[in-house]
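**Q** Numbering (full-length UniProt numbering), first residue to last: 1 to 335.
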Amino acid sequence: MADNAALSAAVAAATATLDRIKPPAGVIMPPPGEMREVIEKTAGYAVRGGAGIEARLRENHSNNPKFSFVTNPDDAFHAFYEWRKEEYKAGRVTSVAAGRVADAQQPAGSGAAVAEAPKGPEKPPDFDFSARLPIMNAKDLDMLRLAASFVAVHGRQFMTTLLQREMNNPQFQFLRPSHSLHNYFQRMVDQYAMINKDLSVVEGAESTGDKDAAGDKDSDKDSKTTPETRLATLRKNADDRYTILLRAKQRIAYLEWEETQRRKEEHERVVAKEELSRIDWANFTVLETIVFSDADDSAQLPPPTSLNDLQYASLEEKSKMSMAASHMIEEAFPF
């Protein structure tokens, strides 16, 4: 299984190497897939085997459209094939042309393995304690945060009781779900509740002497984030304000790198679209012609089977509807 996975990874790397090849101006590049790989392999064999390889291809595959780029000088991909041969002779060979897919060589022919894509700067942590501050009075902000801290400690029942008691008090209108400040209030409640939960977990672990209890009882999506580490981060932020500036710098660097990667991918899509537009889609070869005669028009054919007939047909009837013994009509799994 490991060998198959390694081989699959090598094939994927070799295919990605072919996708990064940029031909000179005026040379039509074949579309990604089998044709591009066939041309690359044939160019490698032709250079290693000499003119005899191409002579045998012209002799044995003169009517095969798959090798038209060799046998027909007017083929749209013939110039690309000749260019790939020149590249091979100059030492700029890919693993596909060399016949060693597992080696995954670079097109530059340096013999070194293909380097991994740059990972960029480390992704900054998510905002656990962040909420967009609405435009509001300082007194209202203090009252909202104080109420949120009490709700986080005493639960939602406390908020319901407070709302019923202060129904006519305009100072507590943010408790109403329809109020514009209610979403910010709920965000504050969640943050205070998270801190209280972390404190209870850490204090419980310290009282029992279990150092690993805090990490085992609670963790976020990131396995490295535990109540203990989260509280330590908050204390560090309060004691040293420069840590926040360093994290802001890290976040800016990551966002800039992410934007650069997005622009790079967008540029690659534009280039791929331009290369696709250069392909002469009208240049095709007729493989077979099917002629319908008058006898076909008057042939007595059975009526087409409806979906309802297929669904309610018995197993014996479905076997008769099958085109061949090896192609049976089976029921789909009812997801």
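Each residue gets a CB set at the ideal place from its N, CA and C atoms; glycine is no exception.
(1) Out of Asp74, Lys41, Ser62, His61, point me to the one whose CA is closest to Lys85's CA.
(2) Please state the DSSP three-state secondary structure of Ser293.
(3) Please report how far the alpha carbon of Arg241 lies from the alpha carbon of Pro23, in whole angstroms.
(4) Have a look at Leu175 and Asp126 and give me their C-alpha separation to the nearest angstrom.
(5) Taking only three categories from DSSP, how would you classify Val286?
(6) Restricting to Cα atoms, I'd like to know which of Val27, Ile21, Ala25, Arg145 is closest to Glu37.
(7) Quick check on Pro303: buried or exposed, where buried means 16 or more other Cβ atoms within 10 Å of its Cβ?
(8) Please classify Gly26: is it buried, with 16 or more other beta-carbons within 10 angstroms of its beta-carbon, or exposed?
(9) For Arg132, count the other beta carbons within 10 Å of its own beta carbon; 16 or more makes it buried, fewer makes it exposed. Which is it?
(10) Taking Pro121 and Gln250 to be in contact with their CB atoms under 8 Å, please state how far apart those CB atoms are, rounded to whole angstroms.
(11) Could you check if Phe69 is buried or exposed, using at least 16 other CB atoms within 10 Å of its CB as the buried criterion?
(12) Report the option in Thr233, Asp128, Phe172 whose CA atom is closest to the CA atom of Met143.
(13) For Gly49, report the span of its alpha helix (DSSP H) as first-last.
(14) Quick check on the burial criterion: 16 or more other C-beta atoms within 10 angstroms. Buried or exposed for Ile252?
(15) Locate the alpha helix (DSSP H) running through Arg269, then write down its first and last residues.
(16) Output the distance between the C-alpha atoms of Glu258 and Val189, rounded to the nearest integer angstrom.
(17) Give the straight-line distance between the Cα atoms of Asp296 and Glu288, rounded to the nearest whole angstrom.
(18) Name the residue from Asn308, Ile290, Phe292, Glu275 whose alpha carbon lies nearest to the alpha carbon of Pro32.
(19) With distance defined between alpha-carbon atoms, name the residue in Glu34, Lys119, Phe80 nearest to residue 336.
(20) Between which two residues does the alpha helix (DSSP H) carrying Thr94 extend?
(21) Which of the three DSSP states is assigned to Thr233 in this structure?
(22) Among the candidates Ser180, Trp83, Ala147, whose CA atom is the shortest distance from the CA of Glu166?
**A** Reading from the atomic positions:
(1) Comparing Cα-Cα distances from Lys85 to each of Asp74, Lys41, Ser62, His61, the minimum goes to Lys41.
(2) DSSP, reduced to helix, strand and coil, places Ser293 outside both helices and strands of the structure shown, so it counts as coil.
(3) 53 Å
(4) 27 Å
(5) coil
(6) Ile21
(7) With fewer than 16 Cβ atoms within 10 Å of its Cβ, Pro303 is classed as exposed.
(8) That one is exposed.
(9) By the Cβ neighbour-count rule, Arg132 is exposed, with fewer than 16 other Cβ atoms within 10 Å of its own.
(10) 7 Å
(11) buried
(12) For Met143, the nearest C-alpha among the options comes from Phe172.
(13) 34-49
(14) Classification of Ile252: exposed, given that the 10 Å Cβ count is below 16.
(15) 242-277
(16) 32 Å
(17) 18 Å
(18) That would be Glu275, whose Cα lies nearest to the Cα of Pro32.
(19) Nothing in the structure corresponds to residue 336, since the chain is present only between 1 and 335.
(20) Looking at the DSSP string, Thr94 is not in any alpha helix (DSSP H), and its letter there is neither H nor E.
(21) helix
(22) Ala147
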